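Going by my numbering, the first residue of the sequence shown is number 246, and it counts up by one from there.
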Amino acid sequence: MDDFKSLSRIVNTDFEIEDITSETLLRERLVEAFAYLLDNDISKMMNILYRTDVNEEKLKGLLISNSNLPSAEVIADAYISRQKEKVETRKKYSR
């Protein structure tokens, strides 16, 4: 299975995002989702990030160093990066 399909499947465990055909579109939808969560349900967002194992200290550093970007973009990128690490790890150990 290709990496994008694996990434999409993992993301769908936290978010119901359908009809995603590219990583760019996936990122856009995740930015929207995290922007919504930041404004409306911060505890749910924190729970997702905790379950995904996004490093809290690393995320804080990213938010500070990328203060010119919307927080939702930085968080979405950190989330995607972590999920990609999971895909690579699973691929490595499934051989």
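For glycine and all other residues, C-beta sits at the position ideal for the given N, C-alpha and C. All of these numbers come straight from a predicted model, not from anything done at the bench.
Open item on the list: Checking 8 angstroms against the spacing of the C-beta atoms, do Leu275 and Ala321 come in under that value?
Closed with: Position 30 of the sequence shown, counted from the first residue, corresponds to residue 275. Position 76 of the sequence shown, counted from the first residue, corresponds to residue 321. Their beta carbons are under 8 angstroms apart, which means Leu275 touches Ala321 by this criterion.
Open item on the list: Judging by CA-CA distance, which residue of Phe279, Lys289 and Gly306 is the nearest neighbour of Ile325?
Closed with: The residue labelled residue 325 in the question sits at position 80 within the sequence shown. The shortest Cα separation from Ile325 among Phe279, Lys289 and Gly306 belongs to Phe279.
Open item on the list: Can you list, in chain order, the residues of its chain with a C-beta nearer than 8 angstroms to that of Met290? Leave out the 5 residues immediately preceding and following it.
Closed with: For the purposes of this step, residue 290 is identified with residue 45 of the sequence shown, where counting begins at 1. For Met290, where only same-chain residues beyond five positions count, the Cβ hits under 8 angstroms are Phe279, Leu282, Leu283 and Ile320.
TODO: Please check the pair Ile262 and Gln328, which I expect to be a contact at CB under 8 angstroms, by giving their CB distance rounded to whole angstroms.
DONE: For the purposes of this step, residue 262 is taken as residue 17 along the sequence shown, with counting starting at 1. For the purposes of this step, residue 328 is taken as residue 83 along the sequence shown, with counting starting at 1. In fact, because the Cβ distance is near 12 angstroms, the residues do not count as touching under 8 angstroms.
Open item on the list: Can you tell me whether Leu307 is buried or exposed? The criterion is at least 16 other CB atoms within 10 Å of its CB, across all chains shown.
Closed with: Taking the first residue of the sequence shown as 1, we reach residue 307 at position 62. Buried, because 16 or more other Cβ atoms sit within 10 Å of the Cβ of Leu307.
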